[in-house]
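S.K.:
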Amino acid sequence: MVYYSGWLHRDGQEHFHTTSINDEDKHGFMAAFAGLSFDKGLDLILHTPGGDVAATESIIDYIRSKFGNDVRVIVPQISMSGGTMIALSAREIVMGRHSNLGPIDPQFGGIPAIAILEEFDRARTEILADPNTALVWQPILSQYGPTLLSVADQSIKWARSIGTKAVRDGMLHGEADAAIKAAEIVEFMLSQDLHHAHGRHIHRNELKDKGVKIIDLEDDPALQDAVLTVHHACMLTVGNANANKLIENHNGIAHVKMMQMMVVNQPNAITLPQNPALPPAAAPAPAPLPVQLSFFDRLKLAFKVLFGAVTP
32 MVYYSGWLHR DGQEHFHTTS INDEDKHGFM AAFAGLSFDK GLDLILHTPG GDVAATESII
92 DYIRSKFGND VRVIVPQISM SGGTMIALSA REIVMGRHSN LGPIDPQFGG IPAIAILEEF
152 DRARTEILAD PNTALVWQPI LSQYGPTLLS VADQSIKWAR SIGTKAVRDG MLHGEADAAI
212 KAAEIVEFML SQDLHHAHGR HIHRNELKDK GVKIIDLEDD PALQDAVLTV HHACMLTVGN
272 ANANKLIENH NGIAHVKMMQ MMVVNQPNAI TLPQNPALPP AAAPAPAPLP VQLSFFDRLK
332 LAFKVLFGAV TP
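In our numbering, each number is its position in the sequence shown, counted from 1, plus 31.
Here's what the structure looks like:
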């Protein structure tokens, strides 16, 4: 099946909720799993920017409840953040030379939770060493909410817990020292010092060096052709059909999240854009009503016309 987001085709944050991982996606997985033979395993084609941590954890648990450890994730281009967590929960990940995973460090409005803690520690160290630096740090620290540090710390622990469990029970299931190896992989994926930014693209060779089980897509030309065909078909769908997200199985059962569109009630009607700089067109002035003259007034007017008093 495919779990395919159209976030690369959408600009701005207004589409992020519908293109990222969220709890609504569970309905899509439920629909796509209905009627399948779960003893045959799952190939999941994954293309997503990530999203909500709680929804990601729930989706991993749901997939595992249906297929156990017999899940292979295929990344045709990019699977970031929460998508990386889903990929790490598989027994193996199929990636091409062009494919990437991303770091799994939690974010607050685009700011890494790890960076928040590191900045606070740096401020504390510098102020203790030289109290005069408190004047420099005061405008920065005053922006911290009363629970921000605690929430940031808990979010990192949560991401570490989800990631470690996903790797340990997935690709390292049954191996000796699985917990230790899983922790090492997750610390690498969490590291702010190594990746520098949440959007960094991590290539397959680097992942292999850290112990992630990667299969090269190019090793199987038939599979490569099939995967890229599906990838391009999904690209055309989200690009041309106003779809923000596709969750679909091989039987054609699909859950599609569409963009919000303006609906025009009249068939074949064309709505032209209005120019607010131009005043609305004035309505044509009504034709003057005919003046009703009395008999005597008409008689006087006739005499004046006949004797040249007025021009007709």
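Glycine residues also receive a C-beta, built at the ideal position from the N, C-alpha and C atoms.
Rounded to whole angstroms, what's the CA-CA distance from Ser68 to Lys97? Just pull it up for me.
M.R.: For the purposes of this step, residue 68 is taken as the residue at position 37 of the sequence shown. For the purposes of this step, residue 97 is taken as the residue at position 66 of the sequence shown. C-alpha separation (whole angstroms): 10 Å.
S.K.: Checking 8 Å against the spacing of the C-beta atoms, do Val106 and Leu77 come in under that value?
M.R.: Mapped onto the sequence shown, residue 106 falls at position 75. Mapped onto the sequence shown, residue 77 falls at position 46. Yes.
S.K.: I need the straight-line Cα distance from His229 to Asn163, nearest angstrom please.
M.R.: Here residue 229 refers to the residue found at position 198 of the sequence shown. Here residue 163 refers to the residue found at position 132 of the sequence shown. Cα-Cα distance, rounded: 33 Å.
S.K.: Does DSSP classify Thr50 as helix, strand or coil?
M.R.: Taking the sequence shown and counting its residues from 1, one reaches residue 50 at position 19. Looking at Thr50 - three-state DSSP - the assignment turns out to be helix.
S.K.: If you scan the stretch 73-117 from start to end, which runs of the alpha helix (DSSP H) of 4 or more residues do you find wholly inside it?
M.R.: 84-98
S.K.: Let's test the definition: count the other Cβ atoms within 10 Å of the Cβ of Val198 and tell me whether it reaches 16, buried, or not, exposed.
M.R.: Reading the sequence shown from its first residue, position 167 is the one you call residue 198. Buried is the call here.
S.K.: Restricting to Cα atoms, I'd like to know which of Asp251, Ile193, Ile158 and Gly66 is closest to Val217.
M.R.: Your numbering for residue 217 matches position 186 in the sequence shown. For Val217, the nearest C-alpha among the options comes from Ile193.
S.K.: If I follow the unbroken beta strand (DSSP E) through Asn282, where does it start and stop?
M.R.: On the sequence shown, residue 282 is found 251 positions in, with the first residue counted as 1. No beta strand (DSSP E) holds Asn282; DSSP gives it neither H nor E.
S.K.: Could you check what DSSP says for Pro307 in three-state terms: helix, strand or coil?
M.R.: Residue numbering aside, residue 307 sits at position 276 when the sequence shown is read from its first letter. Only weak support exists for where Pro307 lies, its pLDDT of 44 falling under 50; the value from the coordinates is given anyway. DSSP places Pro307 in coil when its eight states are reduced to three.
S.K.: Would you mind reading off the limits of the beta strand (DSSP E) that contains Met126?
M.R.: The count along the sequence shown starts at 1 and reaches residue 126 at position 95. Start and end: Glu123 to Met126.
S.K.: Straight-line CA distance for Ile284 to Thr260?
M.R.: As a working note, residue 284 is residue 253 in the sequence shown. As a working note, residue 260 is residue 229 in the sequence shown. The alpha-carbon of Ile284 is positioned some 18 Å away from that of Thr260.
S.K.: Looking at the strands, I want to know which residues DSSP matches up with Val33.
M.R.: Position 2 of the sequence shown, counted from the start, is the residue given in the question as residue 33. Ile76 and Glu279, per the DSSP bridge assignment.
S.K.: Distance check for Ala257 and Leu267, CA to CA, integer angstroms please.
M.R.: For the purposes of this step, residue 267 is identified with residue 236 of the sequence shown, where counting begins at 1. For the purposes of this step, residue 257 is identified with residue 226 of the sequence shown, where counting begins at 1. About 16 Å.
S.K.: Alpha carbon to alpha carbon, how far is Ile90 from Gln255? Give it in angstroms, no decimals.
M.R.: Taking the first residue of the sequence shown as 1, we reach residue 255 at position 224. Taking the first residue of the sequence shown as 1, we reach residue 90 at position 59. Their Cα atoms are separated by approximately 26 Å.
S.K.: Could you say which of Asp54, Leu119, Pro137 and Val33 lies nearest to Lys239 if we only look at CA atoms?
M.R.: Here residue 239 refers to the residue found at position 208 of the sequence shown. The option with the nearest alpha carbon to Lys239 is Leu119.
S.K.: For Thr50, count neighbouring C-beta atoms within 10 Å of its own C-beta (all shown protein chains included) and say buried if the count is 16 or more, exposed if not.
M.R.: Counting from one through the sequence shown, the residue named residue 50 turns up at place 19. Classification of Thr50: buried, given that the 10 Å Cβ count is 16 or more.
S.K.: What number of angstroms, rounded off, separates the C-alpha of Asn299 from the C-alpha of Ala264?
M.R.: Position 268 of the sequence shown holds residue 299. Position 233 of the sequence shown holds residue 264. Residue placement at Asn299 cannot be trusted, given a pLDDT of 46 that sits under 50; what the coordinates show is reported in the next sentence. Going from the Cα of Asn299 to the Cα of Ala264 covers about 29 Å.
S.K.: For the candidate residues Met116, Gly141, Pro143 and Ala121, whose alpha-carbon lies nearest to that of Gly133?
M.R.: Taking the sequence shown and counting its residues from 1, the one referred to as residue 133 is at position 102. Among Met116, Gly141, Pro143 and Ala121, the Cα nearest to that of Gly133 is on Met116.
S.K.: Who are the near neighbours of Gln297 in its chain, counting only those whose CB is closer than 8 Å to its CB and skipping five residues on each side?
M.R.: Locating residue 297 in the sequence shown gives position 266, counting from the first residue. Any answer about Gln297 is weak, because its pLDDT of 43 lies below 50 and its placement is not dependable; what the coordinates show is given next. Nothing listed; no residue qualifies.
S.K.: Out of Ile109, Ala62, Val269 and Gly201, point me to the one whose CA is closest to Gly127's CA.
M.R.: Walking along the sequence shown from the start, residue 127 turns up at place 96. Comparing alpha-carbon positions, the option among Ile109, Ala62, Val269 and Gly201 lying closest to Gly127 turns out to be Ile109.
S.K.: Tell whether a beta-carbon distance below 8 Å holds between His286 and His58.
M.R.: Here residue 286 refers to the residue found at position 255 of the sequence shown. Here residue 58 refers to the residue found at position 27 of the sequence shown. Closer than 8 Å, so yes.
S.K.: According to DSSP, Leu259 sits in a beta bridge with which residue or residues?
M.R.: Taking the sequence shown and counting its residues from 1, one reaches residue 259 at position 228. DSSP lists no partner for Leu259.
S.K.: On the three-state DSSP scale, how would you describe Ala274?
M.R.: Indexing the sequence shown from 1 puts residue 274 at position 243. Of the three classes helix, strand and coil, the one that applies to Ala274 here is strand, per DSSP.
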